[in-house]
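Residue numbers (my numbering), protein chains in the order written: chain X, 1 to 452; chain F, 1001 to 1452.
So, in structure tokens, the structure goes:
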């Protein structure tokens, strides 16, 4: 039989065990952070009924869908009835609408699953990737305090992830929308187009944005562009920014949406302090707009200070109505998403996700095959105390067994030869330092249960 | 806009948060058990290149594949190039063959992911379900000690899962194969057909199997059928079974494969005792055959004693060569799989997976909206000590807040009104018992960090 070349599908990330362990620890840290803040887990199927999934998407997204079809359906030439989820927001909307009667609101859910996009294959872009999402969904209304809780979660999470210094930038879309309205940019589509250009400020700079606003289809007046860039130019300490915005909002005839946005920004800042999120880790950034059109209030992006080129590693915002395509209930919400596969890729490329210790804590070596039963008993004792233990069940020279443990990232090896057996001791070798220690056999499990 | 009815695709399991928490705890327990025994995590993409995935399957499986195709491919009328995995074994074979040079052997991996089968939709059968697999893959050879380690893992795991009494049944395919050879059933296909009938012993009884062996295409002689049923009739304590098998193996002219199988069974029994797996939890069961044709030695099934109708909840075995379709290396292995979605479904139906406590440990109530900042500070203290804490950020009557926590399965509520604030205390209410306790505010975080 001819051999088939084994290969992972293009655009997917597949890791060796030691990298998988690093990735898994990041997933665990994120989950722990979500649970610490009282978010509840849900999981949804990898595919959705195609018509249900695609009820609201359009444009770019629609071109990137993966459709799913069983053998039978394919043979009969049917149109595929299922499609892989492309984010966790549409499945959340479907879930909340479907189970509305059984859920308690505000509904705080976390969801950590893979999503699928048929993107053009290129380095660092994935067709399958993890999203780690939290959202709080209210019924009819959702207090602004939830908008301040989100950065508190981000702060806890990214501190625990140990990816270096980071800063949460946030804004309120009402501030931009109100400004645009006050400048006479009346059509919503036109305001969205302006928003999308503004969103590129951090990438292309003020002059770049000015050019985009005045050129192309927008063709804004130079004066209008200047007014917009004046707002975007407000940077610095939150209180200074709020003061300058407050002055603008206090002017006679100020746009009410603008005034509302400034008030919300101020409230979020006050609550953030009450949530004890250190001011070193957040800023108001009036240039954050988020391209997606469903955000209506607070919007967030998060940057690793030492890796600005990475872009935002955790983004989201407030929206007015989660599931208008499925239910008449008004379901406002606020949430964020972390694209962990890409974050892991970029950290790895930057050398910031090195393979660490194995999940295995101890290797019980097989010094003398005649003592195998003793080694099994040692391992059973260790496991009984919750110590992750591997037994070298294949006979091999002891040096080779040490080398195996070292390469696998296992920190400790336990050795017991006939002499040690007779003396009632075991030797524990720390493979990171090479140090050896003789320990009474009866104390071994306790020794490691402590080290853990 | 007309509303679209939100619905999960048929044949998938979607849980409400409190059930999801129970399910997640089972997943965590299984993972912890796998790691305790030194298995390393891997994950593979949900889809594989279709030609790579289907290189070895056939028959029933091939009819149940889900094919995947991007929008572009669909529009251009291409044949789908991807397919969803239908188990974790084929992806493991592909993974090991692809990364062979980078892996250390014996390669001990665990993998907990969902798999997909386009089965006819019916109650309790799922098209998307979790498999939790471990396998140890050797290069060229793999000592028999690994066959004894597998039941040790199952024993630890099912004890921790707390699903009631269970028993691991195991056998060695060589015993059956050797017997069939010695009875002159020479063609491998015919032996497999006999094996599949034998495998139904526990379901249809000895007479049923006898009928199947003598009827249909097999049409075995009555004497041959009796010889087979005589072997299957050997039940009871392991040592008795081994003694009777030993006597058969000791006869002059005994089939060498049979002799080898009996020797392996005996070794596994001896090692199982060395692994300290209590004899109350395992038996030799010569009727366990496992229908799949890749098993070549030890085979396992696990039954919940009080729910025999559930069938095996954890099965697997030893195979000679994992990845012959991808590599010339000989990769023998041994492994097991738990179909968790079905297990969870059956346990739920039997009332054995009740919704337990929430992941949220404490609800900080909002007794007085004017004190919101104090509540945020309380929650920050609790979270800082690792206590999963939700804040009732929506103002509501306190009775309603208690009711919310109770319904959500949150065990404790913290209340602080203006009086308590003035006294420097908080009230902790245990929602399971209704008991209340006043605690100095400074001791609160320590109090819960202890309770956890």
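Think of the CB as a built atom: it goes at the ideal place given N, C-alpha and C, for glycine as much as any other residue.
Check: What residues from chain X crowd round residue 1038 (chain F), counting only those whose CB sits closer than 7 Å?
Finding: 360, 388, 389 and 390
Next item on the list: Could you pull the start and end residues of the beta strand (DSSP E) that residue 1295 (chain F) belongs to?
Entry: 1295-1304
Check: Just checking my contact of residue 407 (chain X) with residue 297 (chain X) at CB under 8 Å: how many whole Å lie between their CB atoms?
Finding: Residue 407 (chain X) to residue 297 (chain X), Cβ: 52 Å. No contact.
Check: Whole beta strand (DSSP E) runs in the stretch 362-412 of chain X with 3 or more residues, listed along the chain?
Finding: Taking only runs of at least 3 residues, the beta strand (DSSP E) segments lying wholly in the stretch 362-412 of chain X are 362-364 and 389-391.
Note to self: What does the alpha-carbon distance come out to for the pair residue 217 (chain X) and residue 229 (chain X)?
What the structure shows: 18 Å
Margin query: Let me confirm a value: residue 77 (chain X) is counted as buried when at least 16 other C-beta atoms fall within 10 Å, else exposed. Which label applies?
Written below: Of the other Cβ atoms in all chains shown, fewer than 16 fall within 10 Å of the Cβ of residue 77 (chain X); this residue is therefore exposed.
Checklist line | Any chain F beta carbon closer than 8 Å to residue 8 (chain X) | finding: yes
Check: At a CB-CB cut-off below 8 Å, which residues of chain F make contact with residue 112 (chain X)?
Finding: Those within 8 Å of residue 112 (chain X) in chain F number zero; the least Cβ separation is about 10 Å.
Check: Can you name the start and end residues of the beta strand (DSSP E) that residue 1328 (chain F) belongs to?
Finding: Note, residue 1328 (chain F): premise wrong, no beta strand (DSSP E); not H, not E.
Next item on the list: Tell me, please, whether the CB atom of residue 1024 (chain F) is closer than 8 Å to any CB atom in chain X?
Entry: yes
Next item on the list: Spell out whether any CB of chain X is found under 8 Å from the CB atom of residue 1426 (chain F).
Entry: For residue 1426 (chain F), the nearest beta carbon of chain X is not closer than 8 Å to its own beta carbon.
Note to self: For residue 1108 (chain F), report the span of its beta strand (DSSP E) as first-last.
What the structure shows: 1107-1116
Notebook entry, point to check: Would you report the Cα separation of residue 94 (chain X) and residue 1033 (chain F), rounded to the nearest angstrom?
Noted result: 35 Å
Check: Which full runs of the beta strand (DSSP E) of 3+ residues lie inside the stretch 1233-1284 of chain F, going along the chain?
Finding: For the stretch 1233-1284 of chain F, whole beta strand (DSSP E) runs of length 3 or above, ordered along the chain, are 1282-1284.
Next item on the list: Take the Cβ of residue 395 (chain X) as the centre, count every other Cβ of all protein chains shown within 10 Å, and call the residue buried at 16 or more, exposed below.
Entry: exposed
Notebook entry, point to check: Taking the beta strand (DSSP E) that residue 1166 (chain F) falls in, what are its first and last residues?
Noted result: 1166-1172
Check: Is it true that the CB of residue 1309 (chain F) sits closer than 8 Å to the CB of residue 1322 (chain F)?
Finding: For residue 1322 (chain F) and residue 1309 (chain F), no; Cβs fall outside 8 Å.
Note to self: Mapping the DSSP letters down to three states, classify residue 229 (chain X) as helix, strand or coil.
What the structure shows: DSSP places residue 229 (chain X) in helix when its eight states are reduced to three.
Check: Which residues does DSSP pair with residue 438 (chain X) in a beta bridge?
Finding: X:427
Notebook entry, point to check: According to a CB-to-CB cut-off of less than 8 Å, which residues of the stretch 1041-1058 of chain F neighbour chain X?
Noted result: 1041, 1042, 1043, 1044, 1045, 1046, 1047, 1048, 1049, 1051, 1052 and 1055
Notebook entry, point to check: Name the chain F residues that come within less than 7 Å of residue 89 (chain X), Cβ to Cβ?
Noted result: Within 7 Å Cβ-Cβ: nothing; residue 89 (chain X) doesn't reach chain F, min ~14 Å.
Margin query: Relative to the C-alpha of residue 1199 (chain F), which candidate in F:1041, F:1404 and F:1170 has its C-alpha closest?
Written below: F:1170
Notebook entry, point to check: Checking contacts by CB at 8 Å: is residue 1004 (chain F) closer than that to chain X?
Noted result: yes
Item checked: N- and C-terminal bounds of the alpha helix (DSSP H) containing residue 1033 (chain F) -> 1017-1036
Notebook entry, point to check: If you measure beta-carbon to beta-carbon, which residues of the stretch 405-416 of chain X are closer than 7 Å to chain F?
Noted result: 407 and 408
Checklist line | Contact under 8 Å by Cβ, residue 1030 (chain F) with residue 1338 (chain F) | finding: In this structure, residue 1030 (chain F) lies near residue 1338 (chain F), with their beta-carbon atoms less than 8 Å apart.
Next item on the list: Can you grab the Cα-Cα spacing for the pair residue 1446 (chain F) / residue 1416 (chain F), in whole Å?
Entry: In this structure, the CA atom of residue 1446 (chain F) is about 17 Å from the CA atom of residue 1416 (chain F).
Margin query: Is there a C-beta anywhere in chain F that falls below 8 Å from the one on residue 122 (chain X)?
Written below: No - not a single Cβ of chain F is within 8 Å of the one on residue 122 (chain X).
Next item on the list: May I ask you to list the residues that DSSP assigns as paired with residue 176 (chain X)?
Entry: Assignment of beta-bridge partners to residue 176 (chain X) by DSSP yields no partner.
Note to self: Between F:1003, F:1201 and F:1178, which has its C-alpha nearest residue 1191 (chain F)'s C-alpha?
What the structure shows: F:1178
Next item on the list: List the residues of chain F that residue 393 (chain X) touches, going by C-beta distances under 8 Å, in chain order.
Entry: 1106, 1143, 1145, 1146 and 1149
Notebook entry, point to check: If you run the structure through DSSP and keep just helix, strand and coil, what is residue 354 (chain X)?
Noted result: Reduced to three states, the DSSP call for residue 354 (chain X) is coil.
Item checked: Simplified DSSP state of residue 342 (chain X), which is helix, strand or coil -> helix
Note to self: Check whether the stretch 129-138 of chain X and the stretch 104-118 of chain X are in contact - that is, three or more C-beta pairs closer than 8 Å.
What the structure shows: yes
Check: residue 1268 (chain F) touches chain X at which residues, Cβ-Cβ below 8 Å?
Finding: Residues of chain X passing the Cβ test: none, with the nearest at roughly 13 Å.
Next item on the list: For residue 1187 (chain F), return the contacting residues in chain X, with the cut-off set at a CB-CB distance below 7 Å.
Entry: Correct list: empty, because the minimum Cβ distance to chain X is about 20 Å.
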